[in-house]
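Peer 1:
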Amino acid sequence: MIRNALTPSNPHELLPELPDALARFAHGVEFPDPLEAPALRWGIIGAGGIARTFARDVPRYTRAEIVAVASRDLGRASAFAREMGIPMAFGSYEELVEDPNVDAVYVATINTLHAEHALLALNAGKPVLVEKPFTMDSVQAETVLNQASRSRVFAMEAMWTRHLPQSRVIRQVIANGDLGCIVSVQADHGQSLLDVPRLARPELGGGALMDLGIYPVSFLHEALGRPASVHAVARLNSDGIDLGDAITVQTDRALGVARCTMDGRSATSAEIVFECGALELPLQFYRPGVLRLRTFEEGAPDDGATVEWDATLPGGFQYEAAEVARRLAVGATESPDMTWQDTWEVMRVMDRIRADAGIVFPWE
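If you count the sequence shown from 1, you need to add 446 to reach my numbering.
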């Protein structure tokens, strides 16, 4: 197992205690240590940038190892393996999923291939962690999840944000209900990604929604659950690529707003407003970072009390990898932090967004 001597071997130990004001509303929250999860041997399908992040964070901050990587270009896989200290490189995905030394598979190929490669792993009996978006639509998602169910093999969408410490606090605050009901949620994700070639290609599922919009859409779903209505507009270029999207969802009691853009950087903030307070993620809500609580108490001046908890830690992908290891150790086929139903419902919302905004893929 390779670790960077300049990086804390267990950044989880640097996680500060919750301030009393926040702990009051998040009572019962737990923070499983990624280094305490069982050891697991991972194989990676795909040798791009996000695969590199996974290959760096997971062996550095968990007891897991990356034992193999596969690309359709053996030279690319071999170069990736040398760079990341991985012992085995394959020139086909089939070889990787059949390798008995691989305990679980991480799918990190382009979006349009997620379903195909997830099914490849499941059909080989290998537990699979599939990079977001899980698939290109809810029909593909249902196909993959049905296969996981039939095979009784673990599968999970790699929405890493849902496994971070601040997300655990948010879920616990919502579950406890001490701030009252949620009345509104907002999240935005804007990056300057016009220089990423695949995002400009319709046949590769390019556009802002699938790569960036999935984060705020998933955040809204985590807070509000399945919406009753979904509406969206998009800025489309001449190739039908959505450069930006504005989305509203509604439940019985609350409204949610999600925004994304690939031709301009935003604050990437998020907020959940309750009847008696608010939780805010002021910057890069999808990464380990600051969680702010504002409470509104009767008679308090201005905005009442505000407290911050800085959950900024090195890495981040270690939390989702550790969750897979923990679930496999008890024989589970899905995670309560990102259930199969969650994934299907998010993909269904994405379908409705595309339909309303006029985003159409070439194969549809």
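Every residue, glycine too, gets a C-beta built ideally from N, C-alpha and C.
Keep in mind the model is a prediction, meaning the values are calculated, not measured.
Quick check: the Cα distance between Ala678 and Ile628, rounded to an integer number of angstroms?
Peer 2: The count along the sequence shown starts at 1 and reaches residue 678 at position 232. The count along the sequence shown starts at 1 and reaches residue 628 at position 182. When rounded, the distance between both Cα atoms is 22 Å.
Peer 1: How long is the line joining the alpha carbons of Gln586 and Ala561, rounded to whole angstroms?
Peer 2: As a first step, residue 586 is located in the sequence shown; it is residue number 140 there, counting from the start. As a first step, residue 561 is located in the sequence shown; it is residue number 115 there, counting from the start. Those two C-alpha atoms are separated by around 6 Å.
Peer 1: Is it the case that the stretch 638-654 contacts the stretch 712-719, given that we only count it when at least three CB pairs across the two stretches are under 8 Å?
Peer 2: In short, these stretches do not touch, since the Cβ pair count stays below three.
Peer 1: On the criterion of 16 or more Cβ atoms from any shown chain inside 10 Å, does Val551 qualify as buried, or is it exposed?
Peer 2: Translated into positions along the sequence shown, residue 551 becomes position 105. So Val551 ends up on the buried side.
Peer 1: What does the alpha-carbon distance come out to for the pair Asp698 and Glu511?
Peer 2: Within the sequence shown, numbered from 1, the residue matching residue 698 stands at position 252. Within the sequence shown, numbered from 1, the residue matching residue 511 stands at position 65. If you take the alpha carbons of Asp698 and Glu511, they lie about 45 Å apart.
Peer 1: What residue ranges within the stretch 702-773 form continuous beta strand (DSSP E) runs of no fewer than 3 residues, ordered along the chain?
Peer 2: Correct list: 716-720, 723-727, 736-741 and 751-756.
Peer 1: For the pair the stretch 591-603 and the stretch 796-809, tell me if three or more CB-CB distances fall below 8 Å.
Peer 2: Too few Cβ pairs lie closer than 8 Å, so no.
Peer 1: Here's the rule I'm using: 16 or more other beta-carbon atoms within 10 Å means buried, otherwise exposed. How should Ser781 be labelled?
Peer 2: In the sequence shown, counting from the first residue as 1, residue 781 sits at position 335. Flag for Ser781 reads buried.
Peer 1: Who are Asp634's beta bridge partners in DSSP?
Peer 2: Against the sequence shown, residue 634 aligns to sequence position 188. Bridge partners of Asp634: Arg705.
Peer 1: Helix, strand or coil: which one does DSSP assign to Asn450?
Peer 2: On the sequence shown, residue 450 is found 4 positions in, with the first residue counted as 1. Note on Asn450: pLDDT 38, under 50, position unreliable in the model; no value is reported.
Peer 1: Look at the Cβ atom of Phe500, then the Cβ atom of Ala554, and state whether they are nearer than 8 Å.
Peer 2: On the sequence shown, position 54 is the one that residue 500 refers to. On the sequence shown, position 108 is the one that residue 554 refers to. Yes; because the gap between Cβ atoms is below 8 Å, this pair is in contact.
Peer 1: Thinking C-beta only, is Pro484 closer than 8 Å to Arg772?
Peer 2: For the purposes of this step, residue 772 is taken as residue 326 along the sequence shown, with counting starting at 1. For the purposes of this step, residue 484 is taken as residue 38 along the sequence shown, with counting starting at 1. Taking 8 Å as the Cβ cut-off, Arg772 and Pro484 qualify as a contacting pair.
Peer 1: Quick check on Ala516: buried or exposed, where buried means 16 or more other Cβ atoms within 10 Å of its Cβ?
Peer 2: Taking the first residue of the sequence shown as 1, we reach residue 516 at position 70. With 16 or more Cβ atoms within 10 Å of its Cβ, Ala516 is classed as buried.
Peer 1: Contact check, Ser613 vs Ala700 under 8 Å by CB: the rounded distance?
Peer 2: The residue you call residue 613 lines up with position 167 of the sequence shown. The residue you call residue 700 lines up with position 254 of the sequence shown. Incorrect: roughly 18 Å between the Cβ atoms, too far for contact.
Peer 1: Mind checking whether Phe807 and Pro648 have CB atoms under 8 Å apart?
Peer 2: Position 361 of the sequence shown, counted from the start, is the residue given in the question as residue 807. Position 202 of the sequence shown, counted from the start, is the residue given in the question as residue 648. In contact: Phe807 and Pro648 (Cβ atoms closer than 8 Å).
Peer 1: Tell me which same chain residues have a C-beta within less than 7 Å of the C-beta of Pro465, skipping the five on either side of it?
Peer 2: For the purposes of this step, residue 465 is identified with residue 19 of the sequence shown, where counting begins at 1. Contacts found: Val753 and Trp755.
Peer 1: Out of Met534, Arg470, Pro478 and Asp788, which has the shortest C-alpha to C-alpha gap to Ala669?
Peer 2: Position 223 of the sequence shown holds residue 669. Nearest of Met534, Arg470, Pro478 and Asp788 to Ala669, Cα basis: Asp788.
Peer 1: Please state whether DSSP places Leu460 in a helix, a strand or coil.
Peer 2: Along the sequence shown, read from residue 1 onward, the residue named residue 460 stands at position 14. If DSSP states are grouped into helix, strand and coil, Leu460 belongs with the helices.
Peer 1: Look at the alpha carbon of Asp783 and the alpha carbon of His609, and state the distance between them as a whole number of angstroms.
Peer 2: Reading the sequence shown from its first residue, position 337 is the one you call residue 783. Reading the sequence shown from its first residue, position 163 is the one you call residue 609. Those two C-alpha atoms are separated by around 7 Å.
Peer 1: Of the residues Val504, Ala692 and Gly777, which one's Cα is nearest the Cα of Glu482?
Peer 2: By one-based count along the sequence shown, residue 482 stands at place 36. Minimum Cα distance to Glu482 is reached at Val504.
Peer 1: Assuming contact is defined by CB atoms lying nearer than 8 Å, are Tyr507 and Pro478 in contact in what I supplied?
Peer 2: To locate residue 507, count along the sequence shown from 1; it is residue 61. To locate residue 478, count along the sequence shown from 1; it is residue 32. No, these two residues do not count as a Cβ contact at 8 Å.
Peer 1: Grab me the residues of Phe665's own chain with a C-beta within less than 6 Å of its C-beta, minus the 5 sequence neighbours each way, in chain order.
Peer 2: The residue given as residue 665 occupies position 219 in the sequence shown. Excluding sequence neighbours, Phe665 sits near Ala633 and Ala716.
Peer 1: Cutting at 7 Å between CB atoms, please list the residues of its own chain near Met656, excluding the five before and the five after it.
Peer 2: Position 210 of the sequence shown, counted from the start, is the residue given in the question as residue 656. Contacts found: Asn557 and Pro579.
Peer 1: Indicate the three-state DSSP secondary structure (helix, strand or coil) for Ile628 in the structure shown.
Peer 2: As a first step, residue 628 is located in the sequence shown; it is residue number 182 there, counting from the start. Looking at Ile628 - three-state DSSP - the assignment turns out to be strand.
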